[in-house]
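In my numbering, the protein residues as written are 163 to 238.
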């Protein structure tokens, strides 16, 4: 078999913010979680919504809309 027929295949997790589509290499994604209660962190940047508990680990929650300078919207 010739190497000319072999192509690299990449997979991405895609999501939309405003009218823009963003993608992250699936190998950089550990898991996708349902929305749950977020604990606020005092004196954190506006784009950091707070933290959640994932199986005993504290995980930061970042609002990418705010991080990218987009207007805030309610969680859906």
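Backbone N, C-alpha and C fix where the C-beta goes; we use that ideal spot for every residue, glycine too.
Source: prediction; values computed, not measured.
Original post:
Looking at the unbroken beta strand (DSSP E) that takes in residue 211, where does it start and where does it end?
Top reply: Run containing residue 211: 210-216, per the beta strand (DSSP E) assignment.
Original post:
Nearest CA to the CA of residue 193: which residue from 216, 232 and 225?
Top reply: 216
Original post:
At a cut of 8 Å, does the segment 170-189 reach the segment 197-211 through at least three beta carbon pairs?
Top reply: Flag = no, the segment 170-189 and the segment 197-211 do not touch.
Original post:
Which class does residue 175 belong to by DSSP, given the choice of helix, strand or coil?
Top reply: strand
Original post:
Hey, quick one: how far does the beta strand (DSSP E) through residue 186 stretch, first residue to last?
Top reply: 182-187
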